[in-house]
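Structure first, then comments.
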Amino acid sequence: MSTEARAARLPVQAAAPAWTTELRREDDALDTLAEEWDDLAARCRTATFFQAADWQRSWWRHYGRPGALLVVLVRRNGRLVGAGAFMRRGGPFGGLTGLGAGLADYSDVLLDDECADRAAAEFAAALPLTRPWHWLELREVHPEAAVQRVYAQWHGARRRYRDSLCQYLPAVPMERLLKRVPGKTAQRSRVKLRKIAEAGVQVRTTPVAEVPAALEGLLRLHFLQWQERGVTPEHRTERFARHLTESTTGLVATGRAAVHRFHLDGELVAVNLLLLCPSFGGLYMYGAHPVLRERLDIAGLLFSAALDETVGAGVPLLGLLRGQEPYKQRWRPDRLANQRLLLGPAGAAPAAVVRAGAVRVRQAAADVL
């Protein structure tokens, strides 16, 4: 057999994939990347609703500081396989922080599940943290978040601390959920649920076109229910209302959120915002008329609707998100603390001590509060 014939019968070796990284700093970067961003989010099993393009773009428009956006992109043969959006911080220590600023219960980056480890290594190498005082600080990171892979690949200084406690329930029909609680508590809950059914409360899932009006009602009822106990100041701002409406409308349109409206005797008495992702649903915010609290069990009313929606979507868990309010504890939720991650340049020992000390002081103050 000739040399040419033998060469023709040899298997063709595939070329090694080409990996590239890019840093985007223009203020409209998230808008131009939206389609690719959500396509990658669908390939990242840890992505939550807070990593959706609609939520991130809306937050940046209403809370971002012009000129401070940094988007890290990783591509494999031109396809986006890693992405993360951060805000550059001013002040003497500078550095980067995730988007959300207290409004996001989970911070993360996006990594394609098929090449997550290599994408994380490329992502880590692209992070522009070179000066000793330039650190990336990410709050509210789930223990299984994609950015944990970036943390593992980071060759510089790094620190991990406890952050807010989040709570979860299995997304099962209410009767199965009641088996988690003591017998007397379960019996009282059944009585309350029967009372809700007998009262004739009508529950309606809001279509996209009606989301703005529904959220206006949610905020109005939210302020009303908390007027004597104090409401989160940011929730009273116009920018929060705009962000909530804009982001939720986009999430509802893509099946990643549901807004429930509750009517009693023809009057709107409660509105609930449920966020959805493949791994869990999240009870993000609600508003209920104080008069309703005197007549019915609000927690049971909201949980029933949220459970039905979550079970119907095939999502395995219902997240109660941050906070340990008493109404959550009656369901005996499972608890899992988020984490705070710090990444800094190699050889930044003095800066690491200062940054870590500041984090510990803030954490201690939060625990006291």
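So the mapping is simple: my numbering equals the position in the sequence shown, first residue as 1, plus 72. Using N, Cα and C, we set each Cβ at its ideal position, and we do this for glycine too. Predicted, not measured: the structure shown is a model, and the values here were computed from it.
Bounds of the beta strand (DSSP E) holding glycine 156 are 151-160.
By the C-beta density criterion, aspartate 180 is buried, having at least 16 other C-beta atoms within 10 angstroms.
The beta carbons of phenylalanine 352 and alanine 243 sit closer together than 9 Å. In this chain, the beta strand (DSSP E) harbouring phenylalanine 334 covers 329-336.
About 6 Å separates the beta carbons of proline 417 and threonine 202, which is inside the 8 Å limit, making them a contact pair.
Per the coordinates, the alpha-carbon of alanine 173 lies some 22 Å from the alpha-carbon of leucine 290.
Secondary structure at threonine 277: strand, using DSSP grouped into helix, strand and coil. A contact between stretches requires three or more CB pairs, one per stretch, nearer than 8 Å, and the stretch 140-150 fails this requirement with the stretch 121-131. Annotated three-state conformation of glycine 166 is coil, per DSSP. Nearest C-alpha to leucine 287 among Ala229, Thr321 and Arg260: Thr321. Bridge pairing for cysteine 238: Arg394 and Leu408 [DSSP]. Classified as exposed, phenylalanine 295 has fewer than 16 neighbouring CB atoms from the shown chains inside 10 Å of its CB. DSSP places leucine 249 in the uninterrupted alpha helix (DSSP H) bounded by 246-249. Our two residues, tryptophan 207 and arginine 230, have alpha carbons roughly 9 Å apart in a direct line.
As the crow flies, the alpha-carbon of tryptophan 298 is around 15 Å from that of tyrosine 399. Proximity of the stretch 101-118 to the stretch 174-194 meets the contact definition, three or more beta-carbon pairs being nearer than 8 Å. A distance of 9 Å or more separates the beta carbons of histidine 361 and glutamate 397. In the three-state reduction of the DSSP assignment, arginine 203 falls in the coil class, being assigned neither a helical nor a strand state. Annotation for leucine 95: Leu142, Val143, Val144, Leu145, Ala198 and Pro200 place their beta carbon closer than 8 Å to its own, counting only its chain and skipping 5 residues before and after.
Nearest to glutamine 225 by C-alpha distance, out of Met246, Phe195 and Ser236, is Phe195. Looking at the backbone, the Cα of arginine 311 and that of histidine 134 are separated by about 6 Å. Taking a C-beta distance under 9 Å as the contact criterion, leucine 374 and threonine 382 do not qualify as a contact pair.
The beta carbon of glycine 228 sits closer than 6 Å to those of Gly416, Pro417 and Ala418, all from its chain and outside the five residues before and after it, given in chain order.
The beta-bridge partner set that DSSP reports for glutamate 209 consists of Thr169 and Leu414. With a threshold of 16 other beta carbon atoms within 10 Å, valine 263 falls short and is exposed.
In this structure valine 280 does not touch alanine 329 by the C-beta definition: roughly 10 Å separates them, more than the 8 Å allowed.
With respect to alanine 191, glycine 170 sits apart: the two C-beta atoms are not nearer than 9 Å. Between threonine 93 and the set Gly255, Gln259, Val153 and Arg161, the nearest pair of CA atoms involves Val153.
Per DSSP, tyrosine 178 has no beta-bridge partner at all. Judged by DSSP secondary structure, arginine 221 falls within the alpha helix (DSSP H) whose first and last residues are 219-225. Unbroken beta strand (DSSP E) runs of no fewer than 3 residues, entirely contained in the stretch 281-327, are not found. Looking only at Leu336, Pro388, Pro204 and Leu408, the smallest Cα-Cα distance to alanine 271 is reached by Leu336.
Counting only residues of its own chain and dropping the five nearest sequence neighbours on each side, arginine 314 has a CB closer than 7 Å to the CB of His134. Judged by DSSP secondary structure, tryptophan 403 falls outside any beta strand (DSSP E); it is assigned neither H nor E. A direct Cα-Cα distance of roughly 12 Å separates arginine 367 from leucine 265.
Each residue's CA atom was taken as its position, placing alanine 285 and valine 331 some 11 Å apart.
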